[in-house]
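In this note's numbering, the protein residues as written are 456 to 797. Glycine included, C-beta positions come from ideal geometry on N, C-alpha and C. Note sheet for the following structure.
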Amino acid sequence: AYLLYEIVLAVFALCAVVTVWVDRPERPRRSVAEILALMGGLAAAGAVLLVPGIAGHANTTSLRGLSLIFDWLHLVAGSLWVGGLVGLLVLWRSTRDLLRVALLSLVVPRFSRIAFASVVLLIGAGTGASVLHMPTLSAFWQTSYGQALGIKILLLAAALLFAAVNLARTKPRLEAAARRPELAEGAAVLLRRLVAGEAFFVWGAVFAAAVLSSLAPPSKALGEINRAVARVGPGPVNEVVHQAGYTLAVGISPNRAAAPASFRVKITRNGKPVTGATLVTRFTMLDMEMGDQQYAFRETGPGVYERSAPALVMAGHWGLSFQVAPPGAAPFDVLLVDRAQG
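Okay, structure coming up:
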């Protein structure tokens, strides 16, 4: 994926150079070569923004096609917003006072419309991606991915406050500067300060997004933990739970990640051991999306079922679903949430 990204990035750089080289802004109308170069540059830019989704979480999420679309739209909107802010700062610093106000009066209203559309698209695509990645609302504060996403949202909200003030105060002043020149300098200074603040928080959100790319989204199974009958761990487990008229005494030792573990379940009903039952336990990682593991337990004594297996392959929260099929009775399952330490 990294090689693909480097190739696409090189193609984009080449297209950008060609686009700038053939562009002749002094012409009243663009030539065919300029139009083709511009289209090629835009296509290459779109391809560059598609690769991170293909190489990242969006490509491993359920509803992959929709997830990739949301990811791409999110990056497109963010690129337009960030690129425009950087362009405004460069324009402000590279022009003299009189020319600066004239150019800003022309550019800012246009960019405001693009920025507004970009923000709407950014929020819409980000919301859609969050719905796909976050199985529950509590995942925002219960998982590292959710916490990083929450920080990113707060940073974007702060940037939006600066953008709103910019739209409400600076844009009208610059538009009125042609009729009232005394407003020009103040409007330009206000624009620089607001754009700098907006860019600061946007770049903070970009950094948070980079952190997000290194974290795995929470497992979809996280949405099932509300039906868990108990939370256990860290450390050895000795827990008694009740379900469907049965009593299960669950033991886990040593309950450490990446270590062989012994699992023991004693099943009784009305104080009598339940023999001849079928017990299969499913182990699901809740902190990130990964494949489930299932192990069949063997009856080692009257109503006692055991299994030794390296099922807890990493530290974190695990969903342990004990699927019990008693002889001649309706099957049932018991869900425990276990925390295994490294």
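Cα-Cα separation between residue i and residue j, rounded to whole angstroms
{"i": "VAL466", "j": "VAL779", "result": "57 Å"}
{"i": "GLY774", "j": "GLU489", "result": "58 Å"}
{"i": "LEU629", "j": "VAL575", "result": "24 Å"}
{"i": "TRP547", "j": "ALA642", "result": "12 Å"}
{"i": "TRP536", "j": "ASP742", "result": "32 Å"}
{"i": "GLN602", "j": "SER567", "result": "31 Å"}
{"i": "THR516", "j": "THR582", "result": "15 Å"}
{"i": "ALA557", "j": "SER549", "result": "13 Å"}
{"i": "VAL735", "j": "TYR760", "result": "10 Å"}
{"i": "TRP527", "j": "HIS772", "result": "31 Å"}
{"i": "VAL644", "j": "LEU667", "result": "35 Å"}
{"i": "LEU791", "j": "THR755", "result": "22 Å"}
{"i": "ALA499", "j": "LEU491", "result": "12 Å"}
{"i": "TYR701", "j": "VAL463", "result": "60 Å"}
{"i": "GLY659", "j": "LEU610", "result": "7 Å"}
{"i": "ILE636", "j": "LEU543", "result": "The residue asked about is misnamed: residue 636 is Pro in this sequence, not Ile. Going by the C-alpha atoms only, they are around 21 Å apart."}
{"i": "PHE503", "j": "SER534", "result": "Per the sequence shown, residue 503 should be read as Val rather than Phe. Distance between the alpha carbons of VAL503 and SER534: 11 Å."}
{"i": "ASN681", "j": "SER593", "result": "11 Å"}
{"i": "GLN749", "j": "ARG737", "result": "4 Å"}
{"i": "ARG416", "j": "LEU670", "result": "No answer is possible for residue 416: the residues shown for the chain start at 456 and end at 797."}
{"i": "ARG519", "j": "ALA513", "result": "6 Å"}
{"i": "LEU554", "j": "ILE608", "result": "37 Å"}
{"i": "PRO786", "j": "LEU604", "result": "40 Å"}
{"i": "ALA614", "j": "ALA665", "result": "17 Å"}
{"i": "LEU703", "j": "THR739", "result": "20 Å"}
{"i": "LEU577", "j": "GLU653", "result": "15 Å"}
{"i": "ARG484", "j": "ALA651", "result": "34 Å"}
Integer Cβ distance of residue i from residue j, believed to fall under 8 Å
{"i": "GLY678", "j": "LYS721", "result": "Incorrect: roughly 30 Å between the Cβ atoms, too far for contact."}
{"i": "ASN710", "j": "ASP788", "result": "Not a contact, Cβ separation roughly 20 Å."}
{"i": "PRO672", "j": "HIS588", "result": "4 Å"}
{"i": "ALA732", "j": "PRO782", "result": "6 Å"}
{"i": "VAL657", "j": "LEU540", "result": "6 Å"}
{"i": "ALA795", "j": "GLY688", "result": "6 Å"}
{"i": "ALA532", "j": "SER573", "result": "4 Å"}
{"i": "LYS675", "j": "PRO590", "result": "5 Å"}
{"i": "PHE525", "j": "ALA584", "result": "4 Å"}
Other residues of its chain near residue i: CB distance less than 8 Å, five sequence neighbours each side excluded
{"i": "SER763", "result": "PRO715, ALA716, SER717, PHE718"}
{"i": "LEU646", "result": "LEU543, TRP547, LEU559, VAL563, ASN621, THR625, LEU629"}
{"i": "SER599", "result": "LEU670, ASP742"}
{"i": "TRP596", "result": "GLN602, GLY605"}
Residue i, enclosing alpha helix (DSSP H) - first and last residue
{"i": "ALA594", "result": "594-597"}
{"i": "ARG551", "result": "Element bounds for ARG551: n/a, residue is neither H nor E."}
{"i": "LEU622", "result": "First-last for LEU622: undefined, no H or E at that position."}
Limits of the beta strand (DSSP E) - the one that residue i falls within
{"i": "ALA704", "result": "701-708"}
{"i": "ALA685", "result": "685-687"}
{"i": "ARG762", "result": "759-764"}
{"i": "ARG484", "result": "Segment: none, ARG484 is in no beta strand (DSSP E) and carries neither H nor E."}
{"i": "ARG719", "result": "716-724"}
Proximal residues to residue i (C-beta, below 7 Å), its chain only, five neighbours per side dropped
{"i": "ILE606", "result": "ALA663"}
{"i": "LEU649", "result": "PHE617, VAL620, ASN621, THR625"}
{"i": "LEU530", "result": "LEU504, PRO507"}
Same chain, Cβ closer than 6 Å to residue i, five either side skipped, listed in chain order
{"i": "ALA751", "result": "VAL735"}
{"i": "ALA471", "result": "GLY496"}
{"i": "ALA685", "result": "GLU694, VAL696, LEU791"}
{"i": "MET769", "result": "ALA712"}
{"i": "SER522", "result": "ALA513, THR516, LEU587"}
{"i": "SER410", "result": "With the chain represented from 456 up to 797, any question about residue 410 goes unanswered, as that position is not in the structure."}
{"i": "ALA580", "result": "PHE525, LEU528, HIS529"}
Quick one: which unbroken beta strand (DSSP E) runs of 3-plus residues sit fully inside the stretch 487-527? Chain order, please. none
Alpha helix (DSSP H) runs wholly inside the stretch 558-619, at least 4 long, in chain order: 594-597
What residue ranges within the stretch 646-701 form continuous beta strand (DSSP E) runs of no fewer than 3 residues, ordered along the chain? 685-687, 692-698
At what residue ranges does the stretch 741-791 contain a whole run of the beta strand (DSSP E), taking only runs of 3 or more? 748-751, 753-756, 759-764, 771-780
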